[in-house]
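Notes follow the structure.
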Amino acid sequence: MKVTRPMLAAVAVLMIAGCGSGGDEKAVPETASGSLEQLAAEVKCAPDIQIDADDIRQAICKDSDGKFILATFATDRGQREWINGAKDYGGHYLVGRKWVAVGDETSTLTALRKTLGGDLEEGMDHSGGQHSEH
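Heads up: the sequence shown begins at -15 in the working numbering, then just goes up one per residue.
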């Protein structure tokens, strides 16, 4: 493949633009990994273990930013299936590799993200919104 000026210009634009990443992405650390206890220690919470199974471990945590559920998974697939099912019930999710933090408040997870990294995802909105009258 021959490198042309338009190709070089496109690459230069992408490099200057940072490939489209926003400025606030720099504030998010690399996504944490580890056991449920290790992740809880990172955010300075004493996990109250609710589920301790081979495929999932789940605990309730509370820190200065609020209450949340922290879960770790044996497999990526198990994690994704759990998240997809849980999203039907609403909530806010901070997702890392083989772990998820779930909270009612976006602010709680935004604060956790500063320590654990990860991606924010939203569940279904069941607030009802506006309904047309019949």
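All residues carry an ideal CB built from backbone N, CA and C; glycine is no exception.
> Should G13 go down as buried or exposed, given a rule of 16 or more other Cβ atoms within 10 Å for buried?
Replying inline: First, the residue type needs correcting, since residue 13 is Pro and not Gly in the sequence shown. Answer is exposed; the Cβ neighbour count stays below 16.
>> Give the list of continuous beta strand (DSSP E) stretches no shorter than 3 residues that lie fully inside the segment 21 to 97.
In response: 32 to 36, 40 to 47, 50 to 57, 76 to 80 and 83 to 87
>> From the DSSP secondary-structure annotation, give me the bridge partner or partners of D109.
In response: DSSP, once it has assigned bridges, lists no residue as partnering D109.
> Ordered along the chain, which non-local residues of its own chain (more than five positions away) have a Cβ less than 8 angstroms from that of A24?
Replying inline: A30, P31, A43, C45 and L54
> Within 10 angstroms of its Cβ, does T59 collect 16 or more other Cβ (buried), or is it exposed?
Replying inline: exposed
> What does a CB cutoff of less than 8 angstroms around H118 pick up in its chain, not counting 5 residues either side in sequence?
Replying inline: At H118 the pLDDT is 47, less than 50, meaning the model places this residue with poor confidence; the figure from the coordinates comes in the next sentence. Closer than 8 angstroms at Cβ, skipping near neighbours: no residue.
> Identify the residues that DSSP records as bridge partners of L104: which are they?
Replying inline: L78
> What's the call for Y77, buried or exposed, on a 16-neighbour Cβ count within 10 Å?
Replying inline: buried
> From K28 to D47, what distance separates their C-alpha atoms?
Replying inline: 7 angstroms
> Candidates T56, T15 and E26: which alpha carbon is nearest Q34's?
Replying inline: T56
> Going by the beta-carbon positions, is the gap between G75 and V86 smaller than 8 angstroms?
Replying inline: yes
>> Suppose the cutoff is 8 angstroms on Cβ atoms and the five residues either side in sequence are ignored; what does the same chain contact list for I40 look like?
In response: A55, T56, F57, A58, G62 and W66
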